[in-house]
Amino acid sequence: MQTLKGLKNSTSIVVDISEMLAESLDRTPSFSGHIPYSKYHLLFWCVESLHAVPDIKIDKKRTIGTIALSLQQSYLRILADMVHGQGYGVEEQDAFFTLGWPLVFRYFSEKQRSEFVSAVDLTGIQPDLSDYSFSLAIRTHFRLLLCLYGDQNIKEGGWTKEIEEQLAGFVVEYGFPNGATLGIFCHIHEKGLNLWSLFTESLNQFDPTDRSELIDQLLELNIPLVSLMELEHYLVIPADKARLLKAIQRRKIKEDEISWVPEIEKGIQLSLVQKSYSLANSLIEFGKKRANPVHKDLWQMLEFRSMLHQIHDNDNESIEDRVQRITDLPIPDFSNRSQADPRNSYQRKAERAKRFFTALLFFEQDPEKAYMWLDQLCKEFLNSLYRLNRLSAKMKILDQHDASSDEYLNVVNDWLEERKNILGEKFSEFESLISLIALSKGNDPVAFHLVWSKVPEVYRIKIEIVEASCESMKKYGLLKEAFDLINRARSHYGDRAEEVQKLDEIARNIGKKIALDKNIHPSFLVQNEGLTVAKTRAVWNEMRRFDQEAQAQIFHNRYEQNQALQTFLLDQVLTVCNELLLRAQNLKRIITGNQRLQIENLINDWFVSLSRSQFLLIGWTVSEGDRSGKSETGKDLGISDIRLFDSNGIPSLLCEAFLQENYSSRVIEKHIHKLAGYNSQGVGIIFVLVYCLSDDFNMLCDKYVAVLNGLTYNGFDTKKTKNKIDEISPVRCANVRIRVFKEVLCMNANPISICHVLIDFS
45 MQTLKGLKNS TSIVVDISEM LAESLDRTPS FSGHIPYSKY HLLFWCVESL HAVPDIKIDK
105 KRTIGTIALS LQQSYLRILA DMVHGQGYGV EEQDAFFTLG WPLVFRYFSE KQRSEFVSAV
165 DLTGIQPDLS DYSFSLAIRT HFRLLLCLYG DQNIKEGGWT KEIEEQLAGF VVEYGFPNGA
225 TLGIFCHIHE KGLNLWSLFT ESLNQFDPTD RSELIDQLLE LNIPLVSLME LEHYLVIPAD
285 KARLLKAIQR RKIKEDEISW VPEIEKGIQL SLVQKSYSLA NSLIEFGKKR ANPVHKDLWQ
345 MLEFRSMLHQ IHDNDNESIE DRVQRITDLP IPDFSNRSQA DPRNSYQRKA ERAKRFFTAL
405 LFFEQDPEKA YMWLDQLCKE FLNSLYRLNR LSAKMKILDQ HDASSDEYLN VVNDWLEERK
465 NILGEKFSEF ESLISLIALS KGNDPVAFHL VWSKVPEVYR IKIEIVEASC ESMKKYGLLK
525 EAFDLINRAR SHYGDRAEEV QKLDEIARNI GKKIALDKNI HPSFLVQNEG LTVAKTRAVW
585 NEMRRFDQEA QAQIFHNRYE QNQALQTFLL DQVLTVCNEL LLRAQNLKRI ITGNQRLQIE
645 NLINDWFVSL SRSQFLLIGW TVSEGDRSGK SETGKDLGIS DIRLFDSNGI PSLLCEAFLQ
705 ENYSSRVIEK HIHKLAGYNS QGVGIIFVLV YCLSDDFNML CDKYVAVLNG LTYNGFDTKK
765 TKNKIDEISP VRCANVRIRV FKEVLCMNAN PISICHVLID FS
């Protein structure tokens with residue numbers, strides 16, 4: 045596939061292949077008894093490849109729409125086969141759900157989307173949940189709808205409501221059927237995947253009114269107790285949780301409701317989290333009576349943990365008394381069955397549990413002692429709970445010692461490195477919160493970007509996480525992103541006064557605490573004590589209406605009149621570049637393998653974010669990917685990487701940025717030839733940012749300048765004097781990591797200054 049992408053006319057080849065595969069898929073008969081995975085994988089790859097092709101080259105709606113239709117029809121046939129008893133075992137194949145269904149869905153017609161979402165209704169089969177194959181078909185489609193529901197593009201496309209309605213209908217009709225043993229959330233189907241928990245997390249994204257109505261229906265259906273407890277556990281909105289807790293406390297354990305030992309164990313664990321100790325103890329007694337004696341140790345262990353929880357949470361006793369009670373608590377007499385790993389024996393688990401709860405008691409008053417206990421536990425046993433609480437204790441210690449921002453960042457970066465081998469890709473709620481709080485106290489936009497990308501959407505509506513993330517967004521000039529986050533969260537809380545009031549407070553805090561950057565203070569505003577607030581505001585507003593050159597002279601008094609704007613812009617760009625270099629290790633740490641485009645795009649993202657923060661106060665704006673001119677071929681509009689506009693909306697600067705791994709004259713020439721095509725508005729200053737990854741940075745710089753000297757740039761005046769390139773690097777030494785070269789060319793007889801900024805990321 046990679047070889048195919050590198051061929052000439054690769055797009056037309058992909059189109060031909062996709063058409064051939066789509067025709068072949070259309071000919072696949074019903075009841076064929078298997079899923080054509082090879083054709084599926086190739087067709088989804090074709091869709092992704094063609095989606096990335098510029099619109100001008102192909103008719104995407106027609107070309108990809110044809111593939112999408114074949115995939116839609118194939119899926120409908122597969123689902124109908126499953127309903128008729130031709131069990132494909134799709135639900136067992138995780139690969140089926142990791143295919144690019146959300147992207148394909150976007151290329152369906154409105155009619156095809158409707159048919160796809162309501163695919164089960166189209167089979168025309170009477171529901172029969174006692175039929176395993178039918179239950180599996182419903183479960184398969186339910187899981188696929190969850191995949192679609194979680195996609196941001198589909199949400200923005202306006203199809204969320206229809207998918208929500210179908211999901212809710214499945215839950216009510218097929219989730220917990222009265223008298224049936226094969227509902228779609230039955231443990232018989234699970235095999236390691238808890239579909240109910242996946243849905244309950246997604247339920248947080250439902251419209252508040254729809255979510256409330258579905259909760260009403262589930263309570264009316266009297267769904268199984270443990271499922272009700274899971275629902276309370278995964279929901280985020282406090283009012284929903286409180287309502288469900290009341291319902292849980294009113295429930296009594298039915299003899300025929302729970303029979304599976306893991307289900308009873310899950311109920312006990314959830315009861316302890318919810319601090320419903322009487323329910324936990326009832327479930328333990330229920331398990332002892334119903335389960336096989338072989339599980340005796342399990343019930344003893346759960347009973348022991350329940351006692352630890354109750355001692356820990358008894359605020360009527362002093363910490364010292366509770367520590368002593370935990371110390372005195374005898375470990376149960378577990379059976380002596382051998383374990384493959386002695387550390388997993390119930391005896392050792394109970395010993396560690398006593399020390400863990402002791403550490404938690406020290407957390408507030410003596411975090412250093414808590415950290416010591418947790419650190420010792422981490423050394424003995426690989427457990428994410430121990431490690432996350434150790435991280436939290438470390439943060440508490442830093443808070444008490446008024447630590448520097450670098451100390452917080454070091455702890456977070458160490459954690460990010462450590463977690464690679466012990467935790468999944470996405471962060472838990474607890475991990476998200478403590479990491480974001482730490483990052484809000486430091487200054488590392490790359491680390492924030494990394495952590496934020498791993499925070500699941502469901503937790504992004506929690507007030508504490510919104511507050512912590514907005515602190516960082518405010519710091520890095522991501523004000524639009526911060527307000528968008530607040531508004532999304534607000535939409536989920538409906539008319540809950542307390543939560544909405546807190547979100548409004550966070551929004552006001554962002555608006556009034558935008559820090560002034562020390563490099564762009566108009567000094568007379570802060571030094572002249574004779575200016576009133578009203579006069580200062582009037583002067584400031586007047587300054588914001590000045591042209592670019594006048595503003596540049598005001599913002600720093602060392603700029604000479606005829607070079608003010610260029611020098612001012614160069615200083616700001618170099619400030620941002622130096623900030624990026626401080627984070628070079630983080631940039632390299634989160635990029636693995638040969639991912640050239642990801643490296644380039646990631647650096648661009650943070651260059652834009654830092655630049656926005658740099659120019660925020662004076663009202664200048666930074667944009668990226670703006671279509672504003674011709675490409676180097678002259679056939680279509682070119683896309684400059686970064687553009688800067690002054691407070692009057694007039695372009696001040698455009699930037700072209702690219703990665704230079706070792707040395708490639710072809711790559712250099714390609715990007716240089718784009719410059720004139722981008723500059724249809726005649727901007728007088730162009731910056732070329734070159735992100736260098738080379739064993740010999742200075743040699744690469746010399747070769748780069750040599751290429752420029754031998755090049756006639758496309759689109760610039762051909763009748764020009766010999767191109768003179770001067771080095772204007774602010775620092776010149778053997779180990780310098782930024783070098784700047786300047787040249788002046790003409791475009792339509794107007795001089796254009798081009799500054800080449802080479803940055804050593806090696």
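The opening residue of the sequence shown carries number 45 in the working numbering; numbering runs sequentially from there. By construction, the Cβ of each residue, glycine as well, lies at the ideal position given by its N, Cα and C atoms.
Q) Among S448, Y430 and M439, which one has its Cα closest to the Cα of R463? A) Among S448, Y430 and M439, the Cα nearest to that of R463 belongs to Y430.
Q | For S246 and I111, the rounded distance between their alpha carbons | A | 29 Å
Q.
So A394 and I375 are supposed to be a Cβ contact under 8 Å. How far apart are they, rounded?
A. 5 Å
Q.
For I57, count the other beta carbons within 10 Å of its own beta carbon; 16 or more makes it buried, fewer makes it exposed. Which is it?
A. exposed
Q: Round the Cβ separation of C621 and I798 to the nearest angstrom and send it over; I've been treating them as touching at under 8 Å.
A: Contact doesn't hold; Cβ gap of about 16 Å is too wide.
Q) How is the beta strand (DSSP E) around L660 delimited, first residue to last? A) Per DSSP, L660 belongs to no beta strand (DSSP E) and is neither H nor E.
Q.
Considering Cα atoms alone, identify which of M273, L65 and D60 is closest to L316.
A. M273
Q) When you compare only the Cα positions, how much space is there between R255 and P268? A) 19 Å
Q | DSSP-derived helix/strand/coil call for V620 | A | In this structure, V620 counts as helix in the three-state DSSP scheme.
Q. Roughly how far, in whole angstroms, is the beta-carbon of W145 from the beta-carbon of L188, given that I think they are within contact range, below 8 Å?
A. 6 Å
**Q.** Endpoints, the alpha helix (DSSP H) within which Y735 is located
**A.** Run containing Y735: none in the alpha helix (DSSP H); it sits in the beta strand (DSSP E), I729 to L737.
Q: Look at the alpha carbon of Q156 and the alpha carbon of Q116, and state the distance between them as a whole number of angstroms.
A: 7 Å
Q) How is L48 classed by DSSP in three states: helix, strand or coil? A) Unreliable placement is indicated for L48, whose pLDDT of 49 sits below 50; the coordinate value is still reported in the next sentence. Three-state result, L48: helix.
Q. When you compare each of T107, A96 and N753 to M64 by their alpha carbons, which one comes out closest?
A. T107
Q) By a C-beta neighbour count over all protein chains shown, 10 Å radius and 16 as the cutoff for buried, is M791 buried or exposed? A) buried
Q) Shortest alpha-carbon distance to A512 belongs to which of L480, E329 and F348? A) Checked all of L480, E329 and F348; the closest Cα to A512 is L480.
Q) In whole angstroms, what separates the C-alpha of R783 from that of G728? A) 21 Å
Q: Express the C-alpha separation of A397 and A403 in angstroms, rounding to a whole number.
A: Going by C-alpha positions, A403 is about 10 Å away from A397.
Q.
Ignoring anything shorter than 4 residues, give me the alpha helix (DSSP H) runs that lie fully in the region 472-536, in order along the chain.
A. 473-484, 489-497 and 507-519
**Q.** A66 vs V127 beta-carbon contact at 8 Å
**A.** no
Q.
Is the beta carbon of F805 closer than 8 Å to that of L744?
A. No Cβ-Cβ contact shorter than 8 Å links L744 with F805.
Q | Selected residue, minimal CA-CA separation from R295, among S320, D770, P306 and D410 | A | S320
Q: Mind reading off the beta-carbon distance from Y218 to I228? Whole number of angstroms is fine, and I expect it under 8 Å.
A: 5 Å
Q. Where F141 and H85 are concerned, what is the direct C-alpha to C-alpha distance, given to the nearest angstrom?
A. 12 Å
Q) Within 10 angstroms of its Cβ, does N360 collect 16 or more other Cβ (buried), or is it exposed? A) exposed
Q: Mark K333 as exposed unless 16 or more other C-beta atoms lie within 10 angstroms of its C-beta, in which case mark it buried.
A: exposed
(Q) Do L143 and H95 count as a contact pair if the criterion is CB distance below 8 Å? (A) no
Q) What does L816 pair with, by DSSP beta-bridge criteria? A) There is no way to answer for residue 816, as the model of the chain reaches only from 45 to 806.
**Q.** Contact belief for L733 with V801 at Cβ below 8 Å, rounded distance in angstroms
**A.** 5 Å
(Q) Quick check: what's the CA-CA separation for N197 versus P337? (A) 52 Å
Q) In terms of residue numbering, what span does the beta strand (DSSP E) encompassing C422 cover? A) Taken as a continuous stretch (DSSP letters only), C422 belongs to no beta strand (DSSP E), being part of the alpha helix (DSSP H) at P411 to E424.
Q: Please go through the same chain and pick out, in chain order, the residues whose beta-carbon is closer than 6 Å to the beta-carbon of S93, but skip the five residues on each side of it.
A: V58
Q. Should N563 be labelled buried (16 or more other beta-carbon atoms within 10 Å of its own) or exposed?
A. Because the pLDDT of N563 is 33, which lies under 50, any placement of that residue in the model is unreliable, and the number read from its coordinates should be weighed accordingly. When all chains shown are included, N563 counts as exposed.
Q: Might you give, ordered along the chain, the residues of its own chain that have their beta carbon closer than 7 Å to the beta carbon of K285, omitting 5 neighbours on each side?
A: Around K285: E276 and L279.
Q. According to the Cβ coordinates, are P252 and G538 closer than 8 Å?
A. yes
Q) L697 and F731: beta carbons closer than 8 Å? A) A distance below 8 Å separates the beta carbons of L697 and F731.
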